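Peer 1: One structure coming up, written as structure tokens, with questions to follow.
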Amino acid sequence: MVTIGGTGVMLLGGLAAGVVAVLLALGLRRWVGTFTAVSVAGLLWSLVAIALVTLVPTRPDVGFVPAETRSETCSWDYGGPSGAAFQVLGLDQRTLNVLLFVPAGLFLVLAVGRWWAGLVLAPIGVAMLAAYSLGIEFTQLQLARLDRACDVTDMVDNILGAVVGFVLGVVLLAVLRPWRGRRAAD
Numbered sequence: 001m002v003t004i005g006g007t008g009v010m011l012l013g014g015l016a017a018g019v020v021a022v023l024l025a026l027g028l029r030r031w032v033g034t035f036t037a038v039s040v041a042g043l044l045w046s047l048v049a050i051a052l053v054t055l056v057p058t059r060p061d062v063g064f065v066p067a068e069t070r071s072e073t074c075s076w077d078y079g080g081p082s083g084a085a086f087q088v089l090g091l092d093q094r095t096l097n098v099l100l101f102v103p104a105g106l107f108l109v110l111a112v113g114r115w116w117a118g119l120v121l122a123p124i125g126v127a128m129l130a131a132y133s134l135g136i137e138f139t140q141l142q143l144a145r146l147d148r149a150c151d152v153t154d155m156v157d158n159i160l161g162a163v164v165g166f167v168l169g170v171v172l173l174a175v176l177r178p179w180r181g182r183r184a185a186d
């Protein structure tokens with residue numbers, strides 16, 4: 001039985017996704033400009049990074065997880081028992097869940113912020129990020145092999161992170177004003 005998981009797999013996947021994102025940005029910049037190309041590539045990279053961190057087993061030795069031992073429902077215990085138990089770099093799981101979605105919210109706004117349609121697309125994108133979080137939690141519930149748990153707290157924290165990224169993106173857009181450079185080039 002082949003087992004795949006652990007931090008190394010997540011980092012290697014993130015690095016490979018980063019290389020693809022750079023190539024995508026280089027390919028797109030001719031048509032949409034450097035700012036938007038980097039933003040689109042950053043958004044796609046952040047979505048892949050979220051999937052890697054949340055759907056790759058945390059340990060390579062998880063092995064077979066019997067269906068009888070997996071949870072049948074998501075935990076509705078807001079705050080949950082694992083919030084402070086899991087830490088990376090001194091940050092608890094709740095903080096990490098928020099931080100995980102900040103880049104996606106930020107890059108989303110930067111990717112669509114150059115056009116007036118971004119006023120509609122950005123809020124729809126945040127709703128899609130919320131749906132992405134829901135899909136991840138549902139996947140964690142259904143696939144016992146991942147040895148992950150579906151938790152409403154994770155969804156709330158992920159959505160909060162997307163909204164924080166959205167707000168940061170709006171502030172950054174006001175500072176960078178990417179729509180100016182495109183008109184001068186045309």
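In full-length UniProt numbering, the protein residues as written are 1 to 186. C-beta: ideal position from N, C-alpha, C; glycine also. Remember, it's a predicted structure, so these values are computed and weren't measured experimentally.
Run through DSSP, which three-state label would aspartate 61 get?
Peer 2: Aspartate 61 falls in the coil class under three-state DSSP.
Peer 1: Report yes if the CB atom of leucine 24 is closer than 8 Å to the CB atom of alanine 51, and no otherwise.
Peer 2: Their beta carbons are not under 8 Å apart, which means leucine 24 does not touch alanine 51 by this criterion.
Peer 1: Which term fits tyrosine 78, buried or exposed, when burial requires 16 or more other beta carbons within 10 angstroms of its beta carbon?
Peer 2: Label assigned to tyrosine 78: exposed.
Peer 1: Cutting at 7 Å between CB atoms, please list the residues of its own chain near methionine 10, excluding the five before and the five after it.
Peer 2: Leu52, Val53 and Val56, listed in sequence order.
Peer 1: Taking only the alpha-carbon atoms, compute the straight-line gap between leucine 141 and tryptophan 179 and give it to the nearest angstrom.
Peer 2: Distance between the alpha carbons of leucine 141 and tryptophan 179: 43 Å.
Peer 1: Put aspartate 157 into one of helix, strand or coil per three-state DSSP.
Peer 2: Helix at aspartate 157.
Peer 1: Which residues in the same chain as alanine 84 place their Cβ atom closer than 7 Å to its Cβ, once the five residues preceding and following it in sequence are excluded?
Peer 2: Below a pLDDT of 50, predicted positions are generally treated as unreliable, and alanine 84, at 49, falls in that range; the measurement from the model is reported next regardless. Here the set comprises Asp92.
Peer 1: I'd like to confirm something about valine 164: is its beta-carbon nearer than 7 Å to some heavy atom of the ligand NAP, or not?
Peer 2: Of ligands this structure carries none, so the ligand NAP is not represented either.
Peer 1: Opposite aspartate 151 in the DSSP bridges: which residues?
Peer 2: For aspartate 151, which the question treats as bridged, DSSP gives the partners Ser75.
Peer 1: Within 10 Å of its beta-carbon, does phenylalanine 73 have 16 or more other beta-carbons around it, so buried, or fewer, so exposed?
Peer 2: The amino acid at residue 73 is misidentified as phenylalanine; the sequence shows threonine. Result: exposed.
Peer 1: Assign glycine 114 to one of three DSSP states: helix, strand, or coil.
Peer 2: Correcting the residue identity first, residue 114 is arginine in this sequence and not glycine. It is coil, neither helix nor strand.
Peer 1: Suppose you measure from the CA of isoleucine 136 to the CA of threonine 36; what does that come to, to the nearest Å?
Peer 2: If I take the Cα positions, the gap works out to 27 Å.
Peer 1: Ordered along the chain, which non-local residues of its own chain (more than five positions away) have a Cβ less than 6 Å from that of arginine 148?
Peer 2: So the list reads Gln140, once near-sequence residues are dropped.
Peer 1: Measuring CA to CA, which of Leu143, Ala21 and Gly18 is closest to serine 71?
Peer 2: Among Leu143, Ala21 and Gly18, the Cα nearest to that of serine 71 is on Leu143.
Peer 1: Going by beta carbon distance, what residues of the same chain come within less than 7 Å of phenylalanine 107, once the five residues before and after it are set aside?
Peer 2: Within the same chain, phenylalanine 107 has close Cβ partners Ser39, Gly42, Leu43 and Ser46.
Peer 1: Can you look up leucine 146 in the DSSP assignment and give me helix, strand or coil?
Peer 2: DSSP places leucine 146 in helix when its eight states are reduced to three.
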